[in-house]
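Single-structure report; data block below.
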Amino acid sequence: MKKTTQADRYTPVVSSNAVKLDWGEDLTTYNLSGAISNLGSLPDGITVELQDKNSMSTLHGGSYSVNLVVTYPDGSKDVVGPASYVVATADADKYTPVLKTNSFNLKWDNGWVYTDGENFETGFGSSWDTVKAKWLTNEKGYFPNEASGGTDFDFVTDIKGKNDFQKPEETGGDFTVYLKTTYPDDSYSISGPVKLHFEPSDAAKYEPKVKNNIRIPLSVIKGDDFHEKEVPYVFENANELPKGTRVDGFDYSESGNYEENTVYVSYPDGSEDEIDETVNYQIY
Numbered sequence: 001m002k003k004t005t006q007a008d009r010y011t012p013v014v015s016s017n018a019v020k021l022d023w024g025e026d027l028t029t030y031n032l033s034g035a036i037s038n039l040g041s042l043p044d045g046i047t048v049e050l051q052d053k054n055s056m057s058t059l060h061g062g063s064y065s066v067n068l069v070v071t072y073p074d075g076s077k078d079v080v081g082p083a084s085y086v087v088a089t090a091d092a093d094k095y096t097p098v099l100k101t102n103s104f105n106l107k108w109d110n111g112w113v114y115t116d117g118e119n120f121e122t123g124f125g126s127s128w129d130t131v132k133a134k135w136l137t138n139e140k141g142y143f144p145n146e147a148s149g150g151t152d153f154d155f156v157t158d159i160k161g162k163n164d165f166q167k168p169e170e171t172g173g174d175f176t177v178y179l180k181t182t183y184p185d186d187s188y189s190i191s192g193p194v195k196l197h198f199e200p201s202d203a204a205k206y207e208p209k210v211k212n213n214i215r216i217p218l219s220v221i222k223g224d225d226f227h228e229k230e231v232p233y234v235f236e237n238a239n240e241l242p243k244g245t246r247v248d249g250f251d252y253s254e255s256g257n258y259e260e261n262t263v264y265v266s267y268p269d270g271s272e273d274e275i276d277e278t279v280n281y282q283i284y
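Position one of the sequence shown corresponds to residue 1 (full-length UniProt numbering), numbered consecutively onward.
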């Protein structure tokens, strides 16, 4: 004999009235169950969800007609519908940010910059000029309250806009971000994915190898205010390092034998290395 389930014993009735939802409101059982007119006659502990997860989004205002899945405490289910909902219209429904490109290359220059040298910032806030120049084709004045900072722009790492993007370490890498545009009424829109490639800094790319026996002419030490000429005397692989690499720590202005515990390396892009090892060297 077939066991009777709660789905066999109960029949959810869909209301003929549309349920009003706020923009951005979570689609929980509490909110969705407003479309069931006989909710009080159903057992405690039911859950209500969309049959098709993509059939309604509170991030887009408008009217929706959807089917619902009612799950009872015993695990049995009913599918009912169509149920009507009206999501309030917000600023995010009225404006459309349009991306100029879906990828950027960035490099290290005393911090992350675009290839033209302009600083890369993770939180634009109300910096319209940066967004306009690099990211969007929309004309200045398109978004609400632009001049007073009423529309904000930020990078996020997920399509729901919950997690802010953090700039990577100097090792760089490839990342996918989304541009989140937040309007004066706190509604927001999320762009399509944008690929960011961060080229590693010089310090991340190169590994200077200190010579075992270092001998540096005194004339080089005295005539090397920027510590570039000392590089081939200090490193075995000096020819592999980028032009403009500097080395510090060998600053004595008299001939003699010396010892250093740290060798400091500065690269043309502003990144730096510290090589912590005991180094014996001679200035002659």
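Think of the CB as a built atom: it goes at the ideal place given N, C-alpha and C, for glycine as much as any other residue.
Looking at the DSSP output, L99 sits in a beta bridge with L136.
Around the C-beta of I283, 16 or more other C-beta atoms lie within 10 Å, and the residue is accordingly described as buried.
Taking a cut-off of 8 Å for Cβ pairs, the segment 99–112 and the segment 79–86 do not touch, as fewer than three such pairs fall below it. If only complete runs of 3 or more residues are kept, the UniProt domain "Rib" (202–279) shows the beta strand (DSSP E) at 214–216, 246–248, 256–266, in order along the chain. Note on the segment 50–93: whole beta strand (DSSP E) runs with a minimum of 3 residues are 62–71, 77–87, in chain order. V263 and V234 have their C-alpha atoms roughly 9 Å apart. Here D174 is not near Y267, since their CB atoms are 9 Å or more apart. CA-CA distance, A90 to T122, rounds to 26 Å. The shortest CA-to-CA distance from L59 to any of W23, E146, V66 is the one to W23.
Contact between the segment 182–196 and the segment 103–112 is present: three or more C-beta pairs spanning the two stretches fall below 8 Å. By the Cβ neighbour-count rule, Y85 is buried, with 16 or more other Cβ atoms within 10 Å of its own. In the three-state DSSP reduction, T182 falls in the strand class (E or B).
Counting only the Cα atoms, K140 lies some 57 Å from D74.
Contact between E259 and V210 is ruled out by a C-beta separation of about 13 Å, above the 8 Å threshold.
The three-state reading of DSSP puts L27 in coil, since its state is none of H, G, I, E or B.
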